[in-house]
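What follows is one structure encoded as structure tokens, with my remarks underneath.
The following block contains the structure:
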């Protein structure tokens, strides 16, 4: 049982995909966005709304939440989401090509759908960057049949955090990633991690039933994982990591590596 392995109090049925709950509604909104953008650009705000624009300081909290941080105009909560009005949001996305929700957002932005991978919880096959859990990784590996697979350790393959030893405390291996590893050809799976407890990781892997031929690569603080993943390697490569920063090396994005921003129950 995946939930038992992960020692979690949240129980999600196998095959249940959170992202599918609003897929139909999102498709409708995506289809109407361009038309809304044209109307707002060419005609401005509808007449029946113009008289209600202008910040009305009812309460301090309400004022902050319904005032657009970009144009500084006040709206009802219908037109403001995460401190930006719909007009400015559309301009940030489609005209400026950047995340509308955070001024200093450092997360990758999808040019195909004009969405932020982190703030919008977005996945894009064309960018070769998707968000998913172990089940998603297993399905992707079956689909693309990678020649090499590189997996992060902390909070990805294992439940350890912040470089802790897996031999201290109670930890577990993600069951779907374990299934994926066992389904791949011998010698094609690697661990690439910033966790310095390499010997402890190898001991834990043996106890968890992982194959004994998996190399463990430890990268230093200012070293990019791309150096390990791309060094002398060719063919189809799959890289799975829970940190968006690890996916943003320009060499990875240009190389065509399939990247998974890992998170349990993200799909």
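Residue numbers (this note's numbering): 748 to 1014. The beta carbon of each residue, even a glycine, is placed where N, CA and C say it ideally should be. Source: prediction; values computed, not measured.
Limits of the unbroken beta strand (DSSP E) element including residue i
{"i": "residue 881", "result": "It is not in any beta strand (DSSP E) - residue 881 instead sits in the alpha helix (DSSP H) that spans 881 to 891."}
{"i": "residue 1004", "result": "Neither: residue 1004 is in no beta strand (DSSP E) and is coded neither H nor E."}
{"i": "residue 988", "result": "984 to 988"}
{"i": "residue 963", "result": "963 to 965"}
{"i": "residue 904", "result": "No beta strand (DSSP E) contains residue 904, which DSSP labels as neither H nor E."}
Among the options, nearest to residue i - alpha-carbon criterion
{"i": "residue 888", "options": "963, 983, 1003", "result": "983"}
{"i": "residue 999", "options": "822, 971, 960", "result": "971"}
{"i": "residue 851", "options": "863, 915, 902", "result": "863"}
{"i": "residue 792", "options": "777, 820, 816", "result": "820"}
{"i": "residue 979", "options": "967, 1002, 997", "result": "1002"}
{"i": "residue 824", "options": "832, 785, 818", "result": "832"}
{"i": "residue 1004", "options": "892, 952, 957, 908", "result": "892"}
{"i": "residue 981", "options": "935, 959, 951", "result": "935"}
{"i": "residue 962", "options": "853, 795, 993, 938", "result": "938"}
{"i": "residue 874", "options": "866, 787, 861, 883", "result": "861"}
{"i": "residue 931", "options": "974, 884, 975, 913", "result": "884"}
{"i": "residue 914", "options": "775, 933, 828, 944", "result": "944"}
{"i": "residue 928", "options": "906, 974, 985, 901", "result": "985"}
{"i": "residue 1010", "options": "901, 909, 890, 871", "result": "901"}
{"i": "residue 997", "options": "838, 771, 854", "result": "854"}
{"i": "residue 910", "options": "796, 828, 967", "result": "967"}
Presumed contact (8 angstroms Cβ cut-off) between residue i and residue j, rounded CB distance
{"i": "residue 917", "j": "residue 940", "result": "Contact flag wrong, Cβ pair sits at about 19 angstroms."}
{"i": "residue 920", "j": "residue 904", "result": "6 angstroms"}
{"i": "residue 947", "j": "residue 881", "result": "Not really, about 22 angstroms apart at Cβ, beyond 8 angstroms."}
{"i": "residue 925", "j": "residue 876", "result": "With a Cβ gap of about 23 angstroms, residue 925 and residue 876 do not count as contacting."}
{"i": "residue 953", "j": "residue 960", "result": "That pair is no contact at about 11 angstroms."}
{"i": "residue 817", "j": "residue 835", "result": "4 angstroms"}
{"i": "residue 784", "j": "residue 822", "result": "Contact flag wrong, Cβ pair sits at about 17 angstroms."}
{"i": "residue 865", "j": "residue 991", "result": "6 angstroms"}
Helix, strand or coil at residue i [DSSP, three-state]
{"i": "residue 957", "result": "coil"}
{"i": "residue 941", "result": "coil"}
{"i": "residue 998", "result": "helix"}
Buried/exposed call for residue i, threshold 16 Cβ in 10 Å
{"i": "residue 977", "result": "buried"}
{"i": "residue 1007", "result": "buried"}
{"i": "residue 895", "result": "buried"}
{"i": "residue 878", "result": "buried"}
{"i": "residue 858", "result": "exposed"}
{"i": "residue 993", "result": "buried"}
Limits of the unbroken alpha helix (DSSP H) element including residue i
{"i": "residue 775", "result": "770 to 790"}
{"i": "residue 922", "result": "922 to 930"}
{"i": "residue 975", "result": "973 to 977"}
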